[in-house]
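K.L.:
Dumping the structure here so I can ask a few things about it.
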Amino acid sequence: MFRLACFLGVIALASAIPVDNGVEGEPEIECGPTSVTVNFNTRNPFEGHVYVKGLFDHEECKNNEGGRQVAGIELPFDSCNVARTRSLNPRGVFVTTTVVVSFHPQFVTKVDRAYRIQCFYMEADKTVSTQIEVSELTTAFQTQVVPMPICKYEILNGGPTGEPVQFATIGQPVYHKWTCDSETVNTFCAVVHTCTVDDGNGDTVQILDENGCALDKFLLNNLEYPTDLMAGQEAHVYKYADRSQLFYQCQISISIKEPNSECARPKCAEPKTFGAVKQQQQAQFFRVLKKRSTLSAIENVLDVRAEITALDVLEGEVSVHWNPPKVSVEPDPNSLPERHCLPYFLANCSITLSDLVRFQMPFLPQAAALSSDPTLIDMPSEGVCMSFHVMSVMVSGLVFLMILAVVCTALCLRVKKL
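Set out below in structure tokens:
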């Protein structure tokens, strides 16, 4: 019985204790005119952090308030990597971000949660009417609204028929693919343009200009258009120097296809080498929620996003072996036995094993055995020379362990008799 109790006690001590807290129910989201607010109900008073994924070090994107059973954060539209994408079907703007709830002050544990928050701001179409008397018969007017295409941006593995990838290694072949789905055939044309890539921390680089032409052929070449509503191009995975995540955002212009004609495509020259343009980080305002211009060229532009995590892979290991030069010191027979290397540390010993055997050093009885190996006869004695203090500590520790083993054995025998 005593052994069983001891065993259960060891098991209890070895088990990790999770944080006694967690999120209760679903998060409460408030989509405001200039910000998004997220609140979480917790089982116990909250002591931790609520922050935007990837921006833990940014104080403006983190909330450390605690002491209550509610944790939350308010995120403005123009900061903290809040993504805004325009949509034509349904017509409006999506605001998206990822929020992490961490219950430990320093680490992410099993009770923590990450939520992808999305608000949709719909553009309302208002009809204004007035009453008027008409004496003559009016002609009935009937219209049919053709829905706009729904577009997406994908990064596929290897080619246009590959699987979507979220994690890839540097240099891995991928295929950037933009597709739009329409309920009608030969009705719309799509052109991809104004593409940027950023690290989620404000470092943004433009890779496609406003006309849809590539700026850096090492990042992305000029796009190909296999169909009216599809564009794509092969590329290789790359990443920023100190960050693994890449966030791509592009614009797609939708236009009406003229009967018996082909869709207009960008006429681009060969892209430059290292021609990608780094954009200046400026304060952005959420203008997309305001009433846009009535020009069709602006009304029929939508945003698409894709992201990928690039991993570093070391293809080979480079090892450098340093062989220190041998230092052979002809010892002085009159002084060497008196020193015994005891006052010196390892770095000061420069005598070979053959010298130790020759002078029969009393503190190194194993020297004779080592000297029988021809590969070790000229090995410097740094690896076997130690101070008297270190040797005494080792002997004392060994004696203590032997005494402890004897005491434990006697105690177990006594308990067994009882």
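With mature numbering (1 follows the signal peptide of the UniProt record, and there is no 0) applied, the sequence shown corresponds to residues -16 to -1, 1 to 402, in that order.
The beta-carbon is built from N, C-alpha and C at its ideal position, and this holds for glycine as well.
Nearest-angstrom Cα distance between F104 and C15?
P.N.:
Translated into the one-based positions of the sequence shown, residue 104 becomes position 120. Translated into the one-based positions of the sequence shown, residue 15 becomes position 31. Taking the straight line joining both Cα atoms gives about 8 Å.
K.L.:
Check this for me: beta carbons of V54 and F30, under 9 Å apart or not?
P.N.:
The residue you call residue 54 lines up with position 70 of the sequence shown. The residue you call residue 30 lines up with position 46 of the sequence shown. For V54 and F30, yes; Cβs fall inside 9 Å.
K.L.:
Let me know the beta strand (DSSP E) ranges lying completely inside the segment 27 to 60, each 3 residues or longer, listed in chain order.
P.N.:
Fully enclosed beta strand (DSSP E) runs of 3 or longer: 33 to 36, 54 to 60.
K.L.:
Just list the beta strand (DSSP E) runs in the segment 188 to 215, keeping only unbroken ones of 3 residues or longer that don't cross its boundaries, in chain order.
P.N.:
Entirely contained in the segment 188 to 215, the beta strand (DSSP E) runs reaching 3 residues are, in chain order, 188 to 192, 208 to 211.
K.L.:
Which one of P144, S237, G155 has the shortest CA to CA distance from residue 405?
P.N.:
Only positions -16 to 402 of the chain appear in the structure, and residue 405 is not among them; the question remains open.
K.L.:
Does G196 pass the burial test, meaning 16 or more other C-beta atoms within 10 Å, or should it be called exposed?
P.N.:
In the sequence shown, residue 196 corresponds to position 212, counting from 1. Classification of G196: buried, given that the 10 Å Cβ count is 16 or more.
K.L.:
Using the rule of at least 16 other Cβ atoms within 10 Å of the residue's Cβ for burial, across every protein chain shown, is G367 buried or exposed?
P.N.:
In the sequence shown, residue 367 corresponds to position 383, counting from 1. Model confidence at G367 stands at a pLDDT of 44, short of 50, so the residue's coordinates are unreliable; what they give is reported in the following sentence. Exposed, because fewer than 16 other Cβ atoms sit within 10 Å of the Cβ of G367.
K.L.:
R227 and D183: beta carbons closer than 9 Å?
P.N.:
Taking the sequence shown and counting its residues from 1, the one referred to as residue 227 is at position 243. Taking the sequence shown and counting its residues from 1, the one referred to as residue 183 is at position 199. It is a contact, given that the beta carbons lie within the stated cut-off.
K.L.:
Just the Cα atoms here: how many angstroms apart are P60 and P243?
P.N.:
The residue you call residue 60 lines up with position 76 of the sequence shown. The residue you call residue 243 lines up with position 259 of the sequence shown. Their backbone Cα atoms lie some 45 Å apart in a straight line.
K.L.:
What separation, rounded to the nearest whole angstrom, lies between the Cα atoms of N284 and N141?
P.N.:
Locating residue 284 in the sequence shown gives position 300, counting from the first residue. Locating residue 141 in the sequence shown gives position 157, counting from the first residue. Between N284 and N141, the C-alpha separation is close to 30 Å.
K.L.:
Tell me whether the beta-carbon of Q233 lies closer than 9 Å to the beta-carbon of T69.
P.N.:
Here residue 233 refers to the residue found at position 249 when the sequence shown is read from its first residue. Here residue 69 refers to the residue found at position 85 when the sequence shown is read from its first residue. Yes, the Cβ-Cβ distance between Q233 and T69 is below 9 Å.
K.L.:
So K256 and D200 are supposed to be a Cβ contact under 8 Å. How far apart are they, rounded?
P.N.:
Working through the sequence shown from its first residue, we reach residue 256 at position 272. Working through the sequence shown from its first residue, we reach residue 200 at position 216. Yes, K256 and D200 are in contact; Cβ-Cβ is about 7 Å, under 8 Å.
K.L.:
So, is L207 buried or exposed, given that buried needs 16 or more other C-beta atoms within 10 angstroms?
P.N.:
The sequence position of residue 207 within the sequence shown is 223, counting from 1. So L207 counts as buried.
K.L.:
Unbroken beta strand (DSSP E) runs of length 3 or more, entirely within the segment 153 to 191: which are they?
P.N.:
Entirely contained in the segment 153 to 191, the beta strand (DSSP E) runs reaching 3 residues are, in chain order, 157 to 165, 172 to 182.
K.L.:
What are the boundary residues of the beta strand (DSSP E) that G76 is part of?
P.N.:
Translated into positions along the sequence shown, residue 76 becomes position 92. Segment 75 to 86, the beta strand (DSSP E) holding G76.
K.L.:
Does the beta-carbon distance from C164 to I236 come in below 9 Å?
P.N.:
Here residue 164 refers to the residue found at position 180 of the sequence shown. Here residue 236 refers to the residue found at position 252 of the sequence shown. For C164 and I236, yes; Cβs fall inside 9 Å.
K.L.:
Tell me which residues share the same chain as D212 and place their Cβ nearer than 8 Å to its Cβ, disregarding the 5 neighbours each side in the sequence.
P.N.:
One-based indexing of the sequence shown puts residue 212 at position 228. So the qualifying residues of the chain are N170, F172, C173, A174, K241, C247.
K.L.:
How big is the Cα-Cα spacing for L388 and G9?
P.N.:
Locating residue 388 in the sequence shown gives position 404, counting from the first residue. Locating residue 9 in the sequence shown gives position 25, counting from the first residue. Straight-line Cα distance between these residues: approximately 54 Å.
K.L.:
Buried or exposed: where does L397 fall if 16 or more other Cβ atoms within 10 Å of its Cβ makes it buried?
P.N.:
For this step, residue 397 is matched to residue 413 along the sequence shown. Counting Cβ neighbours within 10 Å, L397 comes out exposed, since fewer than 16 surround it.
K.L.:
Please state the DSSP three-state secondary structure of I387.
P.N.:
What you label residue 387 is simply residue 403 of the sequence shown in a count that begins at 1. In this structure, I387 counts as helix in the three-state DSSP scheme.
K.L.:
For A253, collect the residues of the same chain with a Cβ closer than 8 Å to its Cβ; drop the 5 residues on either side in sequence, then sort them by chain order.
P.N.:
Indexing the sequence shown from 1 puts residue 253 at position 269. So the qualifying residues of the chain are C197.
K.L.:
Give me, in chain order, the residues of the same chain whose beta-carbon lies closer than 7 Å to that of residue 417; leave out the 5 immediate sequence neighbours on both sides.
P.N.:
Within the shown structure, residues of the chain are numbered from -16 to 402, placing residue 417 beyond reach of any answer.
K.L.:
Using the Cβ count rule (16 or more neighbours within 10 Å means buried), how would you classify D357?
P.N.:
By 1-based counting over the sequence shown, the position of residue 357 is 373. Here D357 scores only 47 on pLDDT, less than 50, and its place in the model should not be relied on; the value that follows carries that caveat. When all chains shown are included, D357 counts as exposed.
K.L.:
Mind checking who C15 pairs with in its DSSP beta bridge?
P.N.:
Reading the sequence shown from its first residue, position 31 is the one you call residue 15. Answer by DSSP bridge pairing, in chain order: V20.
K.L.:
Per DSSP, which residues does V95 bridge with? Please list them.
P.N.:
Position 111 of the sequence shown, counting from 1, holds the residue named residue 95. In DSSP, V95 forms no bridge with anything.
K.L.:
Using only the alpha-carbon positions, how far apart do F24 and N5 sit?
P.N.:
Sequence index remark: in the sequence shown, residue 24 carries index 40 (1-based). Sequence index remark: in the sequence shown, residue 5 carries index 21 (1-based). Each residue's alpha carbon lies about 12 Å from the other.
K.L.:
Compare the C-alpha of S71 against each of L286, G381, L295 and name the closest.
P.N.:
On the sequence shown, position 87 is the one that residue 71 refers to. Here the closest residue by C-alpha is L286.
K.L.:
Kindly say whether V77, judged by its beta-carbon, lies nearer than 9 Å to any beta-carbon of chain B.
P.N.:
Of the protein chains in this structure there is only one, and it is not chain B.
K.L.:
If V85 and V34 are in contact, beta carbons under 8 Å, what's the gap, nearest whole angstrom?
P.N.:
Start at 1 with the first residue of the sequence shown, and residue 85 comes out as number 101. Start at 1 with the first residue of the sequence shown, and residue 34 comes out as number 50. Right, their Cβ atoms sit about 6 Å apart.
K.L.:
Do T180 and T188 count as a contact pair if the criterion is CB distance below 9 Å?
P.N.:
Locating residue 188 in the sequence shown gives position 204, where the first residue counts as 1. Locating residue 180 in the sequence shown gives position 196, where the first residue counts as 1. Yes, the pair counts as a contact, with Cβ atoms nearer than the cut-off.
K.L.:
Apart from the five residues on each side of it in sequence, which residues of its chain come closer than 7 Å, Cβ to Cβ, to Y159?
P.N.:
By one-based count along the sequence shown, residue 159 stands at place 175. Closer than 7 Å at the Cβ level, and outside the excluded window around Y159, lie L140, G142, G143, P144, G146, G216, E218.
K.L.:
In angstroms, rounded to a whole number, what distance separates the CA positions of P321 and G381?
P.N.:
Here the question's residue 321 lines up with position 337 in the sequence shown. Here the question's residue 381 lines up with position 397 in the sequence shown. For P321, the pLDDT reaches just 43, beneath the cut-off of 50, and the residue's location in the model is therefore unreliable, although a value from the coordinates is still provided. The straight-line gap from Cα to Cα measures roughly 29 Å.
K.L.:
From the DSSP secondary-structure annotation, give me the bridge partner or partners of Q229.
P.N.:
Mapped onto the sequence shown, residue 229 falls at position 245. DSSP lists T293 as partners of Q229.
K.L.:
Would you list the residues sitting across from M106 in a DSSP beta bridge?
P.N.:
To locate residue 106, count along the sequence shown from 1; it is residue 122. DSSP, once it has assigned bridges, lists G76 as partnering M106.
K.L.:
Quick test of your reading: A290 and Y137, contact by CB under 8 Å. State the CB separation rounded to the nearest angstrom.
P.N.:
Here the question's residue 290 lines up with position 306 in the sequence shown. Here the question's residue 137 lines up with position 153 in the sequence shown. With 8 Å as the limit, A290 and Y137 qualify as a contact, their Cβ atoms being about 4 Å apart.
K.L.:
With a 10 Å radius around its C-beta and 16 neighbouring C-beta atoms as the bar for buried, classify N48 as buried or exposed.
P.N.:
Position 64 of the sequence shown, counted from the start, is the residue given in the question as residue 48. Label assigned to N48: exposed.
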